[in-house]
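If you use the working numbering, the sequence shown corresponds to residues 24 to 93, in order.
Note that beta-carbon positions come from the ideal geometry of N, C-alpha and C, so glycine has one too.
None of these values were measured; they are calculated from a predicted model.
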Amino acid sequence: MQIAIVGLAGSGKTTVFNTLTRGHAETGGFGGLTVNTGVVKVPDDRLTRLTTLFTPRREVPADVTYVDLP
């Protein structure tokens with residue numbers, strides 16, 4: 024899943040991006056045309072329970088890609 028963070032300049036998009044991704048993208052000042060991208064693995068207890076029940080060869084958690092647009 025991909026989620027884009029959009030908004031007016033100086034509205035806190037990069038701060039929200041850093042919070043969601045635990046990233047360190049530069050905030051404040053003139054961001055220019057920098058597009059930040061971060062991928063977050065989504066923990067899911069249901070996946071863990073299904074893995075123990077069916078013992079698949081591998082367990083692949085869902086991931087979300089956040090895109091911080093200028």
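Neighbour-count burial assignment, Thr37, 16 or more Cβ in a 10 Å radius: Translated into positions along the sequence shown, residue 37 becomes position 14. Thr37 is buried by the Cβ-count criterion.
Drop a sphere of 10 angstroms on the beta-carbon of Asp91, count the other beta-carbons inside from all chains shown, and report buried for 16 or more, exposed for fewer. If you number the sequence shown from 1, residue 91 lands on position 68. Counting Cβ neighbours within 10 Å, Asp91 comes out buried, since at least 16 surround it.
Here's the rule I'm using: 16 or more other beta-carbon atoms within 10 Å means buried, otherwise exposed. How should Phe77 be labelled? Your numbering for residue 77 matches position 54 in the sequence shown. So Phe77 ends up on the exposed side.
Just to confirm before moving on: does the CB-CB distance between Val87 and Val65 stay below 7 Å? The sequence position of residue 87 within the sequence shown is 64, counting from 1. The sequence position of residue 65 within the sequence shown is 42, counting from 1. Their beta carbons are under 7 Å apart, which means Val87 touches Val65 by this criterion.
Bridge partner(s) assigned by DSSP for Asp86: Locating residue 86 in the sequence shown gives position 63, counting from the first residue. Looking at the DSSP assignment, Asp86 forms a beta bridge with Lys64.
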